[in-house]
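Numbering (my numbering), first residue to last: 101 to 745.
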DNA sequence: CCAGTATCCCTTTTT
DNA sequence: GGGATACTGG
């Protein structure tokens, strides 16, 4: 009994536009896929179709925005066809770059054991460099390290010089122009010396490899016969370059995206990548998916009314063939506290009436907007998962433990050494720097501390640490063995340093559990840097994987691509959403508007906006008392308003 | 030179 | 209302 060809099955399950995209064969293809128009479905069916027709899964490259997205797509493709689809090369641009560079990075001056720095790592390095260079020590107006990281990263992602970025986006720092350029050069130099790579470098090095090493480029080009890129509206220019080089010659490139959902310009994404795709790839076919399968018509009406306020006009209109549903509501409450109570009560009603908690989400502009709600949910005994905001990986105790493992893999990791050493009593930044320099001089491995000169006090204070590293041997120990040894060493320090150590200890046990899954230290460290556990700190990671589907709290950014039966958008207050600092910048305000559009289009059946009547903004000293301007002037029959005070 | 204390700043979104 | 930086005493 043979199965009917998968393409016959498709004809029943796809609409004409989706089918055209799925069956599209050679050449460049741009799919403009509106919210809820079956974008994921289209991509997964196309993967399944190509594999079924005999294409080797390994010669298909699927680049997505998050690892979760690519895993989900490959899982679904496998369900359609068979588990060959799991072998498709997939992941984020950053994880793809990491994989290629571990292999071929030496051709562009990168040691295979390079260390990936996350954002806080980048900031702390900039902090020490600034201090070392004696730059503007008593200068109030000199940018702080977070600002520095933002500025430099922007320059890389937008392919602009430091000078231009300062001129365009940070004019108030013009007087520090020279110092900033010098600092940036020192930063670049330091990274090269110690084989440190930040997120942006991953893309830059990959692009350089593809540009300078024609043979490698040809090899990758030959390997990946078909390339697909999801969320193309949120790629930056380097990413677009990388794609162009990989597909050069063959041009079997399919990109999928939606210009009205571009929400990452703040980190260098360039919506022109998608808009000018037909010019960059002449002869490109363009397919628009405009039928929305997700939301009831009143939700789409509201979403369209929101996006209609944009100055820029977008490329498509969404329509739906669904039955009628409820009109979205804006509820004004007296205070933040009332807002939380209202939401908790509604959620309680929904759950009681049989809605699975996992089908409900509360969305907000910024991670901290949900703090009060989290407390009230706790009191009401409703458990939840939170996406976005403060990350598991950003917690000090997690970073402390990881630092000890990172120097085993790359003994040149100056950031981790500094962290490890300053944890010790009577060792500060100065002493740590000196010890690190001495180790570098003798080109030591992670046991270097035992081979350098130290005074009596240093010998005393580093005693336990030296013993720890003497015991750690990556050649004979597993990742989790080493993790356990570090834990044993670190626990006394944890207890001394943090008054909430029981909670933190549980986090570390979770970390050990994650290590169990990794045979290789390198893979573990790379994943922790590029694709860390996605939920926030206070979620219990072990239950995150369990079958119990829980209520979701999420930033709008982290909600991208997801959908729920009922969506609450809290803090729909002007100055919160849109955020205060976007108010007088047209471009940023327009991005906030698209963000609101993304939030609204996550809802299938029921959409509620919440707005406390007033709130005090500490940063500006302003009183916020007006609902989001994005919901203003929308007719009553599209947005139903009422107050509960 | 470390570590504890005073003071100032601003508070988005993420790989 | 908190985190980072600057200052100062030991």
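Glycine included, every Cβ here is placed at the ideal spot set by N, Cα and C. From a predicted model like this one, the values you see are computed outputs, not experimental measurements.
Test item: CB-CB of residue i and residue j under 9 Å
i, j, result
"residue 390", "residue 117", "yes"
"residue 286", "residue 233", "yes"
"residue 320", "residue 134", "no"
"residue 694", "residue 374", "no"
"residue 381", "residue 159", "no"
"residue 747", "residue 630", "The shown model of the chain, from 101 to 745, leaves out residue 747, and the question about it has no answer."
"residue 414", "residue 161", "no"
"residue 564", "residue 547", "no"
"residue 127", "residue 357", "no"
"residue 163", "residue 196", "yes"
"residue 497", "residue 350", "no"
"residue 457", "residue 625", "no"
"residue 709", "residue 672", "yes"
"residue 723", "residue 429", "no"
Residue i versus the options, residue with shortest Cα-Cα distance
i, options, result
"residue 432", "110, 669, 132, 143", "669"
"residue 435", "124, 745, 115, 324", "745"
"residue 507", "482, 444, 707, 568", "568"
"residue 628", "161, 221, 137", "221"
"residue 400", "193, 737, 196, 224", "737"
"residue 467", "585, 656, 179, 541", "656"
"residue 143", "127, 153, 121, 126", "121"
"residue 686", "365, 289, 555, 141", "365"
"residue 747", "675, 617, 549, 661", "Here the chain comprises residues numbered 101 to 745, so residue 747 is not present and cannot be evaluated."
"residue 388", "709, 691, 131", "131"
"residue 492", "728, 610, 542, 535", "610"
"residue 248", "266, 660, 154, 409", "266"
"residue 322", "580, 455, 348", "348"
"residue 633", "456, 619, 495", "495"
"residue 541", "474, 294, 279, 379", "294"
"residue 396", "733, 722, 703", "703"
"residue 579", "530, 620, 256, 689", "620"
"residue 113", "721, 141, 545, 587", "141"
Other residues of its chain near residue i: CB distance less than 8 Å, five sequence neighbours each side excluded
i, result
"residue 205", "211, 212, 214, 305, 309"
"residue 470", "462, 464, 486, 489, 653, 670"
"residue 525", "561"
"residue 459", "649, 664, 665, 666"
Residue i - containing beta strand (DSSP E), residue span
i, result
"residue 432", "429 to 433"
"residue 740", "740 to 743"
"residue 388", "385 to 389"
"residue 216", "215 to 217"
"residue 654", "651 to 655"
"residue 706", "703 to 712"
"residue 131", "129 to 133"
"residue 716", "715 to 717"
"residue 160", "160 to 164"
Span of the alpha helix (DSSP H) around residue i
i, result
"residue 268", "262 to 269"
"residue 682", "That residue, residue 682, is in no alpha helix (DSSP H); it is neither H nor E in DSSP."
"residue 532", "529 to 541"
"residue 613", "601 to 616"
"residue 664", "Element bounds for residue 664: not the alpha helix (DSSP H) but the beta strand (DSSP E), 664 to 669."
"residue 571", "563 to 571"
"residue 518", "514 to 522"
"residue 723", "Element bounds for residue 723: not the alpha helix (DSSP H) but the beta strand (DSSP E), 722 to 724."
"residue 448", "436 to 452"
"residue 401", "397 to 407"
"residue 594", "579 to 597"
Residues of its chain near residue i, where Cβ-Cβ distance is below 6 Å and the 5 sequence neighbours each way are ignored
i, result
"residue 227", "245"
"residue 398", "425, 427"
"residue 730", "406, 693, 696"
"residue 518", "532"
Same chain only: Cβ atoms within 7 Å of residue i, ignoring 5 sequence neighbours per side
i, result
"residue 185", "147, 148, 151, 157, 174, 177, 178"
"residue 646", "Confidence at residue 646 is low in this model, with a pLDDT of 48, below 50, so the placement of that residue should be treated as unreliable; the coordinate-derived value is given next. So the list is empty, once near-sequence residues are dropped."
"residue 590", "500, 501"
"residue 643", "Residue confidence for residue 643 is low, a pLDDT of 43 falling below 50, so the modelled location carries little weight and cannot support an answer."
"residue 416", "132, 134, 388, 390"
"residue 658", "487, 488"
"residue 689", "678, 682, 683"
The ligand ATP heavy atom lying under 8 Å from the CB of residue i
i, result
"residue 460", "Looking for the ligand ATP in the displayed structure turns up nothing, as the structure carries no ligands at all."
* Asked: What are the start and end residues of each continuous alpha helix (DSSP H) run of 4 or more residues lying completely inside the region 459 to 505, in chain order?
  -> Here the runs fully enclosed are 471 to 480.
* Enumerate, from N- to C-terminal direction, the unbroken alpha helix (DSSP H) stretches of 4 or more residues contained entirely within the region 297 to 359. => You should have 299 to 312, 314 to 323, 337 to 347.
* Which residue spans inside the region 186 to 225 form an unbroken beta strand (DSSP E) run of at least 3? -> Taken in chain order, the complete beta strand (DSSP E) segments of 3 residues or longer contained in the region 186 to 225 are 189 to 192, 215 to 217.
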